[in-house]
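For reference, the structure discussed in these notes is given below.
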Amino acid sequence: MRVYQDRQIIDALMQFAEHAGATRVARLAPESVCVEDKLAEFCRDPKCPYWGQSMSCPPCVSGPAGFRKLLQSSRHVIVFRIEIESASLHGEDRPEVMRLLHEITAAIELEAKRLGFPEAVGFAGGSCKASFCADQPYCEVIAGDGHCRYPDQARTSMSGYGVNVGELIKSAGWSNHLFPENTTDDHGQLAWVAGLVLLR
Ligand code: SF4
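Each residue of the sequence shown is one higher than the one before, starting from 3 at the first, in my numbering.
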């Protein structure tokens, strides 16, 4: 019975994700998510400018060990990606693109909680400090002044947990072919950003 219920909820969540703005959505088994300690270490060395700048990035997160524990208590994983023009991702629109990634991740997580996975937790990419609080002198939580300014929108980044996003995309069955159909040169080249939600 639970298997049947899960399938229905997952179908609904995948549709929800597409309506929220995801280009592609897939369900994965938790054991197919690859976590590598060395990937999380890249946040510190070479040091990301946002290291220690928000509650959702190292060293304030539980890292690969914490993520592996979460995976063990997850029944399913929803992975999604947003495909956009490369110029947007790598240009001045980047903070907005990453903000959209956070917002979609948070929306799927909240919907999953509503539909029957009360401990669902979402992971986005990029620092929330850059996309939500760039004009603020500090992260409200780290400063100890209070709660996150964007609790229903900002999420932690997969990077700080060592999630191998390239392998995640392969596991989802998506190629890295990032050119629109019928395009033979670099014009309009696409890029992607990905997020995931653990269903618990
Ligand atoms: S207050 Fe801003 S920087 Fe701190 S966790 Fe929330 S969104 Fe991120």
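Ideal placement from N, C-alpha and C gives every residue a C-beta, glycine not left out.
N-terminal and C-terminal residue of the alpha helix (DSSP H) that residue i is part of
| i | result |
| --- | --- |
| Ala19 | 4 to 22 |
| Ile84 | Note, Ile84: premise wrong, no alpha helix (DSSP H); beta strand (DSSP E) at 78 to 87. |
| Val99 | 96 to 117 |
| Arg70 | 65 to 74 |
| Gly136 | Checking the displayed sequence, the identity of residue 136 turns out to be Ala instead of Gly. Where Ala136 is concerned, there is no enclosing alpha helix (DSSP H), given that its DSSP letter is neither H nor E. |
Residue i CB to nearest heavy atom of the ligand SF4 below 6 angstroms
| i | result |
| --- | --- |
| Glu105 | no |
| Lys40 | no |
| Phe125 | no |
| Ala108 | no |
| Ser210 | In the structure displayed, the chain extends from 3 to 202; residue 210 sits before or after that span and is not available. |
| Val143 | yes |
| Tyr152 | yes |
| Phe119 | no |
| Phe18 | no |
| Ala156 | yes |
| Cys130 | yes |
| Cys135 | yes |
Where the beta strand (DSSP E) through residue i begins and ends
| i | result |
| --- | --- |
| Phe125 | 123 to 126 |
| Val143 | Here Val143 belongs to no beta strand (DSSP E), and DSSP marks it neither H nor E. |
| Val167 | Per DSSP, Val167 belongs to no beta strand (DSSP E); it is in the alpha helix (DSSP H), 167 to 173. |
Whole-Å CB distance - residue i paired with residue j, under 8 angstroms assumed
| i | j | result |
| --- | --- | --- |
| Ser159 | Gly127 | 5 angstroms |
| Phe134 | Arg151 | 7 angstroms |
| Ala26 | Trp176 | Reading off the sequence, residue 26 comes out as Arg, not Ala. Confirmed, about 6 angstroms. |
| Ser56 | Ser129 | 6 angstroms |
| Pro66 | Gly164 | 4 angstroms |
Beta-carbon proximity of residue i to residue j, cut-off 7 angstroms
| i | j | result |
| --- | --- | --- |
| Ala108 | Arg46 | no |
| Glu94 | Leu192 | no |
| Lys110 | Val195 | Here residue 110 is Ile; the residue named in the question, Lys, does not match the sequence. No, they are not a contact pair. |
| Val79 | Pro153 | no |
| Ala60 | Gly146 | The sequence given here places Pro at residue 60; Ala does not occur at that position. No, they are not a contact pair. |
| Ala24 | Val81 | no |
| Ala122 | Ala114 | yes |
| Ser90 | Val99 | yes |
| Leu72 | Val35 | no |
Closer than 7 angstroms to chain D by CB, residue i
| i | result |
| --- | --- |
| Ala126 | The structure shown contains no chain D, having only a single protein chain. |
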